[in-house]
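Student:
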Amino acid sequence: MFKKLNLVVVGQLKQGLGQQACCHAIAASLVIGLFPIMGFSTLMNTFSAAVFRLNQPVVQVCNWIIAPVKIALIFPFLRLGEWLFQAKPFRLSLVDFSARFFSDVAATTVEFAWTFAHAIVGWLICAPLIYGVIFRVSKALVPNRLASDLSRVAE
15 MFKKLNLVVV GQLKQGLGQQ ACCHAIAASL VIGLFPIMGF STLMNTFSAA VFRLNQPVVQ
75 VCNWIIAPVK IALIFPFLRL GEWLFQAKPF RLSLVDFSAR FFSDVAATTV EFAWTFAHAI
135 VGWLICAPLI YGVIFRVSKA LVPNRLASDL SRVAE
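Following the working numbering, the numbering of the sequence shown begins with 15 at its first residue and continues without gaps.
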């Protein structure tokens, strides 16, 4: 059993180490890491890395690095979604909302379902542009040699 687990872990460390794959891993994980609903980005990044064969460590590090930016962008994504749907603005502070959410998760989820939907739509509108910019910047910053060095280290 441990041998099989070891093969899975080593496979995750070695896959997706080419320049193109590293750039896709960086861009995808940073964009998914900005998903405006707290608690989902790690699962979404893990799943997307497995499905698209991205390097799991690169994806998870980028996910953790982008967390402070995610918190800062929740309200801009929400406001964009509200503007698109011409909805009444959400008026709770993040602290007040968090307190309500953690006191009764189910009731808060039902009460604020449209608020979540507005934030997600705002994120969906911005995600392709953010992905494209991050991919191009990372392509300029991640040299081919670095990717080949990483693959040799993983061996």
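Here a beta-carbon is modelled for each residue, glycine too, at the ideal position from N, C-alpha and C. Since the structure is predicted, the reported quantities are computational estimates derived from the model, not experimental observations.
Quick check on S55: buried or exposed, where buried means 16 or more other Cβ atoms within 10 Å of its Cβ?
Tutor: Sequence index remark: in the sequence shown, residue 55 carries index 41 (1-based). Buried.
Student: If we call anything under 7 Å between Cβ atoms a contact, is F91 one with P50?
Tutor: Within the sequence shown, the letter at position 77 stands for residue 91. Within the sequence shown, the letter at position 36 stands for residue 50. The answer is yes: Cβ separation under 7 Å.
Student: With a threshold of 6 Å on Cβ separation, who are the neighbours of L44 within its own chain once the five nearest residues in sequence on each side are excluded?
Tutor: Translated into positions along the sequence shown, residue 44 becomes position 30. So the list reads C76, I80 and I148, once near-sequence residues are dropped.
Student: Taking G95 as part of the alpha helix (DSSP H), name the residues at either end of that continuous run.
Tutor: Start at 1 with the first residue of the sequence shown, and residue 95 comes out as number 81. From DSSP, the alpha helix (DSSP H) with G95 extends over A81 to F99.
Student: Should the region 122 to 132 be called in touch with the region 96 to 103, which here means at least 3 C-beta pairs below 8 Å?
Tutor: Result yes; three or more Cβ-Cβ pairs closer than 8 Å.
Student: Report, in whole angstroms, the separation of the C-beta atoms of M58 and I40, which I expect to be a contact under 8 Å.
Tutor: Position 44 of the sequence shown holds residue 58. Position 26 of the sequence shown holds residue 40. The Cβ separation is near 15 Å, so there is no contact.
Student: I'd like to check one pair, K153 with C37: are the Cβ atoms closer than 7 Å?
Tutor: As a position in the sequence shown, residue 37 is number 23, starting the count at 1. As a position in the sequence shown, residue 153 is number 139, starting the count at 1. It is a contact, given that the beta carbons lie within the stated cut-off.
Student: State the Cα-Cα distance for the pair V156 and T122, rounded to the nearest angstrom.
Tutor: Taking the first residue of the sequence shown as position 1, residue 156 is located at position 142. Taking the first residue of the sequence shown as position 1, residue 122 is located at position 108. Between V156 and T122, the C-alpha separation is close to 43 Å.
Student: Sorted by chain position, which residues of the same chain lie with C-beta nearer than 8 Å to L106's C-beta, five sequence neighbours on each side aside?
Tutor: Here residue 106 refers to the residue found at position 92 when the sequence shown is read from its first residue. Once the five neighbours on either side are set aside, the close Cβ partners of L106 are R114.
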